[in-house]
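A quick write-up on the structure given underneath.
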Amino acid sequence: MISADAKLQCCLLLGTRMVVQGVRLAWVPLLVYISSELEMGTLATGSVMSSFSLGYLSTQVVGGMLADRYGGKPLQELTMFVMSLGMLIAPHTAHLFGSSGLWVIYFLMGLFAGPQHPAYNSMAAAWFAQEDLGKVSSIVKLVQWLVIWLRLWLVLQWLQVMAGVRHFMCLE
């Protein structure tokens with residue numbers, strides 16, 4: 054049986070995962086409008102999109118080692134700070150440095166988001182009994198993906214309203 058404290062810890066882990074994933078996933082639809090406003094070409098837009106993945110994949114193993122050594126909490130806090138800061142300064146960076154500035158911001162966000170998943174695993178292993186880890190991970194993943202799908206559905210509804218169904222479905 055999972056205690057009330059453990060349920061609270063599970064919710065905190067879920068919240069952190071959702072914020073990081075939400076910010077990451079918000080970039081793709083935002084980049085459609087950003088690239089249009091900055092008159093970025095397809096290559097520049099694709100390069101900015103892929104910069105997050107480059108940073109993210111670069112720090113997965115290192116993130117796990119850091120989480121094992123220092124604990125997951127400092128890495129989670131740092132990830133939340135960098136992701137928030139990146140979203141705050143991205144418009145100014147785009148205005149000053151164009152797509153190159155966006156590439157650097159999104160790369161740095163990926164670089165600091167990479168350790169977040171290993172930190173989550175380290176925290177879950179420290180906070181929950183071995184027999185509860187499967188339940189906790191399943192709950193966190195299920196709710197995370199439900200929220201992501203809900204967010205996607207809302208974005209699609211918004212795009213249909215803004216662009217019109219015929220245009221959105223490429224019928225025009």
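Going from the sequence shown to the numbering used here is simple: count from 1 and add 53. Where is the CB? At the ideal position from N, CA and C, for every residue including glycine.
Throw me the rounded Cβ distance for the residue i and residue j pair, which I believe falls under 8 angstroms.
i       : j       : result
Thr-69  : Gln-129 : 5 angstroms
Trp-156 : Val-101 : 5 angstroms
Phe-160 : Ser-88  : Actually they do not touch by this definition, with Cβ atoms about 17 angstroms apart.
Gly-125 : Ala-172 : 4 angstroms
Excluding the five sequence neighbours on either side, which residues of its own chain have a C-beta within less than 6 angstroms of the C-beta of residue i, listed in chain order?
i       : result
Ile-158 : Gly-139, Ala-143, Thr-146
Ser-226 : Residue numbering for the chain in the displayed model covers 54 to 225; residue 226 lies beyond these limits and cannot be assessed.
Met-222 : Because the pLDDT of Met-222 is 48, which lies under 50, any placement of that residue in the model is unreliable, and the question is left without a value.
Leu-203 : none
What did DSSP end up calling residue i once you bin it into helix, strand or coil?
i       : result
Ser-111 : helix
Met-136 : helix
Ser-56  : coil
Met-71  : helix
Pro-168 : coil
Gly-124 : coil
Phe-105 : helix
With 16 as the cutoff for other CB atoms within 10 Å, does residue i come out buried or exposed?
i       : result
Gln-169 : buried
Pro-127 : exposed
Gln-183 : exposed
Leu-164 : buried
Ala-57  : exposed
Ala-79  : exposed
Report all residues from its chain with a CB closer than 7 angstroms to the CB of residue i; omit the five preceding and five following residues, and keep chain order.
i       : result
Gly-151 : Leu-91
Gly-154 : Thr-146, Ala-147
Val-196 : Leu-67
Thr-245 : With the chain covering 54 to 225 only, the question about residue 245 has no answer from this structure.
Val-200 : Met-71
Looking only at its own chain, which residues have a Cβ that is under 8 angstroms from the Cβ of residue i, when we skip the five neighbours before and after it?
i      : result
Gln-74 : Gln-197, Ile-201
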